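Here's the structure we're looking at; comments come further down.
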Amino acid sequence: MPAQCSSCTEKRAVLKRPKTGHSLCKECFFWAFEEEVHQTIVAAELFKSGETVGIAASGGKDSTVLAHVMKLLNERYSYGLELMLISVDEGITGYRDDSLETVKRNQQQYELPLKIVSYEELYGWTMDAIVKQVGLKNNCTFCGVFRRQALDRGAVMLKVDKICTGHNADDVAETVLMNVLRGDIARLRRCTAISTSSEGEGVVPRCKPLKYAYEKEIVLYAYFKKLDYFSTECIYSPNAYRGYARTFLKDLESIRPSTIMDIIHSGENLSVREGVKMPVQGTCSRCGYISSQALCKSCVLLEGLNRGLPKLGIGKHHRLHDKILSQQPLTEKEERKLKSVDF
Amino acid sequence: MAAPIAVHLEFGGGAELLFNGVKEHHVTLPSQSEPWDMKQLLVWIQRNLLKERPELFVQGDSVRPGILVLINDADWELMNQNACACLTAAGLDCSVGLKPAH
Numbered sequence: 001m002p003a004q005c006s007s008c009t010e011k012r013a014v015l016k017r018p019k020t021g022h023s024l025c026k027e028c029f030f031w032a033f034e035e036e037v038h039q040t041i042v043a044a045e046l047f048k049s050g051e052t053v054g055i056a057a058s059g060g061k062d063s064t065v066l067a068h069v070m071k072l073l074n075e076r077y078s079y080g081l082e083l084m085l086i087s088v089d090e091g092i093t094g095y096r097d098d099s100l101e102t103v104k105r106n107q108q109q110y111e112l113p114l115k116i117v118s119y120e121e122l123y124g125w126t127m128d129a130i131v132k133q134v135g136l137k138n139n140c141t142f143c144g145v146f147r148r149q150a151l152d153r154g155a156v157m158l159k160v161d162k163i164c165t166g167h168n169a170d171d172v173a174e175t176v177l178m179n180v181l182r183g184d185i186a187r188l189r190r191c192t193a194i195s196t197s198s199e200g201e202g203v204v205p206r207c208k209p210l211k212y213a214y215e216k217e218i219v220l221y222a223y224f225k226k227l228d229y230f231s232t233e234c235i236y237s238p239n240a241y242r243g244y245a246r247t248f249l250k251d252l253e254s255i256r257p258s259t260i261m262d263i264i265h266s267g268e269n270l271s272v273r274e275g276v277k278m279p280v281q282g283t284c285s286r287c288g289y290i291s292s293q294a295l296c297k298s299c300v301l302l303e304g305l306n307r308g309l310p311k312l313g314i315g316k317h318h319r320l321h322d323k324i325l326s327q328q329p330l331t332e333k334e335e336r337k338l339k340s341v342d343f
Numbered sequence: 001m002a003a004p005i006a007v008h009l010e011f012g013g014g015a016e017l018l019f020n021g022v023k024e025h026h027v028t029l030p031s032q033s034e035p036w037d038m039k040q041l042l043v044w045i046q047r048n049l050l051k052e053r054p055e056l057f058v059q060g061d062s063v064r065p066g067i068l069v070l071i072n073d074a075d076w077e078l079m080n081q082n083a084c085a086c087l088t089a090a091g092l093d094c095s096v097g098l099k100p101a102h
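So the sequences go chain by chain: Y and U.
Per this note's numbering, the first sequence starts with residue 1, numbered consecutively.
Per this note's numbering, the second sequence starts with residue 1, numbered consecutively.
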């Protein structure tokens, strides 16, 4: 039979916390979860009183729990923040349209203003149209690159000071692993940071208040609080590489729950030897967004789509950036390489 | 002999997709010589309810890591997992909920 709550010793425990091993009842769990997020926010000084904060809301469990907890803590501890929801509509029929309905209900439930920015209005392309052109192989690249910028554009339109995202501890650990596996030292170094400083014009600082919250606890928090969230996977195939990292991590977690915190800890304490070559952050000469190349990834991907050369932004084609910028025609050989699409 | 037991199964968070999209199942487990436990229930679910991609649901003789299991609305990790005689102890009210964490 279930154990008693180890905190209040009165009520029936409803979960075993992966992070601490404690058995807690519903109320003690809610309190512990909320307090830990509060501690994370306070310790890292994520917000200042008077700031306007945009919550990146997808309608999924993480952002729904984030919106709920941010609103609650803002009131409980008088953070003095003005909160709003920002959603990105990627234009995926049967997936995002449904999850946006959830966000619209959240807007009512939490009484927060909502701004939806769509790929179609920003880029002239929906993900449905992109998949039609590029197939199901690199579509997640387009979606990921466009989403990052779309959130910034939405944040600028809403004039928010900061964006917070629902990335949880499992996500961060997965990302550390993936960056190790890909040898991406630049990303490995910054992926565990709880917040980014403003990296340039049009780039709004971001932070992850749920960085130390386990996915299991987020799911159970949403479940026991009966929060309204959307739980369908994207119809355009999951990101395969992340899938492997995820499965590996979950297997490890089932043997040793602290694995997730341990990987984050490793990531946080890595230091990169001096002299390791890092990309230099500059700005895109076309749209002004941060970029380590002459053209930002988003502009290259878009150029590829508009020219019917979908592979332009996939892989390394930096040498072609100058040609694109000066609107020189590509050679036949170059075009052929960029056209072939693997289905 | 353990008498047949009624169990209310609920799949959520996307797990229902492996069960023809049906979230709630009211089933009766047949009588057998030993009391039912979770391990046996998982085998029974796999044989009788699971419609597709078993590898997304089971791994070895347990659920796939990442799937959360609640028994009578409590985390099954609180219980002595393999010795879940609680299935019979909880009798007719027994409900098992399974949801993937993502």
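The C-beta atom is built at its ideal place from N, Cα and C for all residues, glycine as well.
What you are looking at is a predicted structure, and each value in this text was computed from that prediction instead of being measured.
query                                                                                                                                                                                  : result
Am I right that D161 (chain Y) and V88 (chain Y) are in contact with their C-beta atoms under 8 Å? What's the rounded C-beta distance?                                                 : About 19 Å; that fails the 8 Å criterion.
Within the same chain, show all residues whose beta-carbon is closer than 7 Å to that of S118 (chain Y), passing over the 5 residues directly before and after it, in chain order.     : D89 and G91
Using only the alpha-carbon positions, how far apart do Q4 (chain Y) and S23 (chain Y) sit?                                                                                            : 7 Å
Taking 9 Å as the CB-CB cut-off, is R147 (chain Y) touching chain U?                                                                                                                   : no
For L24 (chain Y), write down the residues that DSSP places opposite it in a beta bridge.                                                                                              : Y:L15
First and last residue of the alpha helix (DSSP H) that includes S298 (chain Y)?                                                                                                       : K297 to R307
Which class does Q81 (chain U) belong to by DSSP, given the choice of helix, strand or coil?                                                                                           : For Q81 (chain U), the predicted model reports a pLDDT of 49, less than 50, meaning its position is unreliable; a value from the coordinates is still stated below. Helix.
For a contact meaning CB atoms closer than 7 Å, what does V73 (chain U) contact in chain Y?                                                                                            : The sequence given here places Asp at residue 73 (chain U); Val does not occur at that position. V14, listed in chain order.
Look up T52 (chain Y) in the DSSP assignment and give the residues it is bridged to.                                                                                                   : Y:E82
What's the C-alpha gap between Q81 (chain U) and D61 (chain U)?                                                                                                                        : Reliability of the predicted coordinates at Q81 (chain U) is poor, the pLDDT of 49 falling under 50, and the value obtained from them is presented with this limitation in mind. Approximately 12 Å between the Cα atoms of the pair.
Name the chain U residues whose beta carbon is nearer than 7 Å to that of T232 (chain Y)?                                                                                              : G14
Can you tell me the Cα-Cα spacing of L301 (chain Y) and V280 (chain Y), whole angstroms?                                                                                               : 20 Å
Are there three or more Cβ pairs, one per stretch, closer than 8 Å when the segment 176-190 of chain Y is compared with the segment 265-275 of chain Y?                                : yes
Are there 16 or more other CB atoms within 10 angstroms of the CB of Q328 (chain Y), so buried, or fewer, so exposed?                                                                  : exposed
Taking its Cβ as the centre, do 16 or more other Cβ atoms sit within 10 Å of A89 (chain U), making it buried, or is it exposed?                                                        : Confidence in A89 (chain U) is poor, its pLDDT being 41 and thus under 50, which makes the residue's placement too unreliable to answer from.
Using DSSP's beta-bridge definition, name the partner residues of K132 (chain Y).                                                                                                      : DSSP, once it has assigned bridges, lists no residue as partnering K132 (chain Y).
Quick check on S118 (chain Y): does DSSP put it in helix, strand or coil?                                                                                                              : strand
Please report how far the alpha carbon of E253 (chain Y) lies from the alpha carbon of S291 (chain Y), in whole angstroms.                                                             : 36 Å
Please classify P257 (chain Y) as buried or exposed, where buried requires at least 16 neighbouring CB atoms within 10 angstroms.                                                      : buried
Does the Cβ of E217 (chain Y) have 16 or more other Cβ atoms within 10 Å, making it buried, or fewer, making it exposed?                                                               : buried
Taking C-beta to C-beta, are R64 (chain U) and F57 (chain U) nearer than 9 Å?                                                                                                          : yes
Check K333 (chain Y) in the structure and name its three-state DSSP category.                                                                                                          : helix
Considering only the beta carbon of each residue, do A245 (chain Y) and E215 (chain Y) sit closer than 9 Å?                                                                            : no
Whose C-alpha, out of U:M79, U:A74, U:P4 and U:L78, is nearest the C-alpha of T28 (chain U)?                                                                                           : U:P4
Could you check if Y221 (chain Y) is buried or exposed, using at least 16 other CB atoms within 10 Å of its CB as the buried criterion?                                                : buried
In terms of residues, what are the limits of the alpha helix (DSSP H) holding K216 (chain Y)?                                                                                          : E215 to F224
Check I194 (chain Y) in the structure and name its three-state DSSP category.                                                                                                          : coil
By the 7 Å beta-carbon criterion, what residues does the segment 236-256 of chain Y contribute toward chain U?                                                                         : K250, D251, E253 and S254
Contact between the segment 115-129 of chain Y and the segment 141-157 of chain Y is defined here as three or more beta-carbon pairs at a separation below 8 Å; is this criterion met? : yes
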